[in-house]
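Peer 1:
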Amino acid sequence: DAGVTQSPTHLIKTRGQQVTLRCSPKSGHDTVSWYQQALGQGPQFIFQYYEEEERQRGNFPDRFSGHQFPNYSSELNVNALLLGDSALYLCASSSLSGGLYEQYFGPGTRLTVT
Amino acid sequence: RKEVEQDPGPFNVPEGATVAFNCTYSNSASQSFFWYRQDCRKEPKLLMSVYSSGNEDGRFTAQLNRASQYISLLIRDSKLSDSATYLCVVKRNAGNMLTFGGGTRLMVKP
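Chain order of the listed sequences is A and B.
Here the numbering used here is used: the first residue of the first sequence is 9, the next is one more, and so on.
Here the numbering used here is used: the first residue of the second sequence is 120, the next is one more, and so on.
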């Protein structure tokens, strides 16, 4: 049973560029949440997707956007990258329709903005 | 003020010691509580949920005080493998968003 997978594992971008991160949820899960974890801090909630719609959003600017596909996988897009966007981006999956609220995290994508 | 606050540590303890971590949360709408463990450069993993009556899982005991908005984690007989960052997490019943504390780093020494 594959867990949550994310790609790429590492990424280096330049200020002003755009980036797309990808996540495949755990088998049987239909909900994907994205978190940003800066060095030395706890993860911060970005947004959550369920039934291909953004259901909840944390305190992040519109430069952060996402998408969920019919197969439940998800993308996180960040436009106009800033140095402060350097962080570990974590995807977590759960099953809202199945009442399985425990969130399983993927290994993350480490983004460095130079 | 952060919604979930933890002492960042590090807590340096010898093997076999008992160590306790505390966490406070500010939003009284918080309804579910958890401790996650995160190893260096890895993803967070659920250690245990925290129930109002307190709960135990082997060497780990979690307590919740809703009146004081305070959560604790006690680790008995510490092992080298317990070295990690422990994240206090709360969730409001509206939605499935997790709010994390900054984490407490534990280092268990031989």
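Beta carbons: idealized from backbone N, C-alpha and C, even for Gly.
1. Give a yes or no on whether the minimum CB-CB distance between residue 128 of chain B and chain A is below 8 Å.
2. For the region 20-39 of chain A, which residues have a CB atom closer than 8 Å to at least one CB atom of chain B, in sequence order?
3. Tell me where the beta strand (DSSP E) around residue 95 of chain A begins and ends.
4. Return the residues of the region 202-223 of chain B that lie within a Cβ-Cβ distance of less than 9 Å from chain A, sorted by chain order.
5. Leaving out five residues before and five after residue 75 of chain A in sequence, what residues of the same chain have Cβ atoms less than 6 Å from its Cβ?
6. Enumerated in chain order, which unbroken segments of the beta strand (DSSP E) with a length of 3 residues or greater are wholly contained in the region 125-169 of chain B?
7. Give me the Cα-Cα distance between residue 147 of chain B and residue 121 of chain B, rounded to the nearest whole angstrom.
8. Suppose only complete runs of 4+ residues qualify. What are the alpha helix (DSSP H) ranges in the region 31-97 of chain A, listed by chain order?
9. Would you say residue 66 of chain A reaches chain B, if we count a Cβ-Cβ gap shorter than 8 Å as a contact?
10. Check the Cβ of residue 162 of chain B against every Cβ in chain A and list those closer than 7 Å, keeping chain order.
11. How many angstroms separate the CA atom of residue 216 of chain B from the CA atom of residue 56 of chain A?
12. Using the Cα positions of residue 53 of chain A and residue 96 of chain A, report the straight-line distance between them to the nearest angstrom.
13. Are the CB atoms of residue 142 of chain B and residue 125 of chain B nearer to each other than 8 Å?
14. Return helix, strand or coil for residue 15 of chain A, following the three-state DSSP convention.
15. May I ask you to list the residues that DSSP assigns as paired with residue 183 of chain B?
16. Of the residues that make up the region 162-180 of chain B, which ones have a beta carbon closer than 8 Å to any beta carbon in chain A?
17. Give me whichever residues DSSP pairs with residue 176 of chain B in a beta bridge.
18. Taking the DSSP output, what are the residues bridged to residue 226 of chain B?
19. Is the shortest distance between the beta-carbon of residue 92 of chain A and the beta-carbons of chain B less than 8 Å?
20. Would you report the Cα separation of residue 18 of chain A and residue 32 of chain A, rounded to the nearest angstrom?
21. For the region 23-40 of chain A against the region 195-214 of chain B, do three or more pairs of beta-carbon atoms, one drawn from each stretch, fall closer than 8 Å, so that the two count as touching?
Peer 2: Answer, in terms of the structure:
1. No, its Cβ sits nowhere closer than 8 Å to a Cβ of chain A.
2. Cβ contacts with chain B: 39.
3. The continuous beta strand (DSSP E) containing residue 95 of chain A extends over residues 95-103.
4. Using a CB distance below 9 Å, the part of the region 202-223 of chain B facing chain A consists of 204, 206, 207, 208, 210, 213, 214, 215, 216, 217, 218, 219, 220, 221 and 222, ordered along the chain.
5. Leaving aside the five residues that flank residue 75 of chain A on each side, the residues in its chain whose CB is nearer than 6 Å to its CB run, in chain order, 83.
6. The DSSP assignment places complete beta strand (DSSP E) segments of no fewer than 3 residues inside the region 125-169 of chain B at 130-133, 138-144, 149-157 and 164-169, in order along the chain.
7. Each residue's alpha carbon lies about 13 Å from the other.
8. Assignment of alpha helix (DSSP H) within the region 31-97 of chain A, counting only whole runs of 4 or more residues, yields no such run.
9. A Cβ of chain B is located within less than 8 Å of the beta carbon of residue 66 of chain A.
10. Result: 98, 113, 114, 115 and 116.
11. Taking the straight line joining both Cα atoms gives about 8 Å.
12. If you take the alpha carbons of residue 53 of chain A and residue 96 of chain A, they lie about 12 Å apart.
13. Closer than 8 Å, so yes.
14. Residue state, collapsed to three classes: strand.
15. In DSSP, residue 183 of chain B forms a bridge with B/190.
16. Within the region 162-180 of chain B, the qualifying residues are 162, 163, 164 and 165.
17. In the DSSP assignment, the residues bridged to residue 176 of chain B are B/179.
18. DSSP lists B/131 as the bridge partner or partners of residue 226 of chain B.
19. False, the Cβ-Cβ gap to chain B never drops below 8 Å.
20. Rounded to the nearest whole angstrom, the C-alpha separation of residue 18 of chain A and residue 32 of chain A is 16 Å.
21. Contact fails between the region 23-40 of chain A and the region 195-214 of chain B, because fewer than three Cβ pairs, one in each stretch, are under 8 Å apart.
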